[in-house]
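Chemist: After the structure tokens below, expect a handful of questions from me.
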Amino acid sequence: EGYRGSLPVDKDALREILIGVSEIIASGSVEEIDLNPVALYPEGALVLDAKMKLCV
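If you count by the numbering used here, then the sequence shown holds residues 378 to 433, one letter each, in order.
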């Protein structure tokens with residue numbers, strides 16, 4: 378929907394990232410996950426940095 382004259386972001390791309398993260402967590406192989414930042418664009422989204430603590 379955008380704000381202050383900016384273009385709307387691609388909510389479907391964000392949804393795909395969240396679904397992917399949910400699948401990783403559900404697999405039981407990751408104890409912690411941190412995605413920061415996540416950039417949202419009018420066409421697509423990009424995880425710019427990710428840290429994961431794997432289960433041992």
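We put the beta carbon where it would ideally sit given N, CA and C, even for glycine.
Quick caveat, the model's predicted, so the values are computed rather than measured.
Is the distance from the Cβ of M429 to the Cβ of E409 below 8 Å?
Modeler: Within the sequence shown, residue 429 is the residue found at index 52, counting from 1. Within the sequence shown, residue 409 is the residue found at index 32, counting from 1. A contact, by the Cβ cut-off of 8 Å.
Chemist: State yes or no: is the C-beta of A427 within less than 8 Å of the C-beta of L391?
Modeler: For the purposes of this step, residue 427 is taken as the residue at position 50 of the sequence shown. For the purposes of this step, residue 391 is taken as the residue at position 14 of the sequence shown. Going by C-beta atoms, A427 is not nearer than 8 Å to L391.
Chemist: Near V407, what residues of its chain come up, given a Cβ to Cβ distance below 8 Å and the 5 sequence neighbours on each side ignored?
Modeler: Looking up residue 407 in the sequence shown gives position 30. For V407, where only same-chain residues beyond five positions count, the Cβ hits under 8 Å are I401, M429, K430, L431 and C432.
Chemist: Determine, using beta carbons only, whether D387 and P419 come nearer to each other than 8 Å.
Modeler: For the purposes of this step, residue 387 is taken as residue 10 along the sequence shown, with counting starting at 1. For the purposes of this step, residue 419 is taken as residue 42 along the sequence shown, with counting starting at 1. Yes, Cβ-Cβ distance for D387 and P419 is below 8 Å.
Chemist: In chain order, what residues of the same chain have a beta carbon less than 8 Å from the beta carbon of V398, not counting five sequence neighbours either side?
Modeler: Working through the sequence shown from its first residue, we reach residue 398 at position 21. Hits under 8 Å: I410 and L412.
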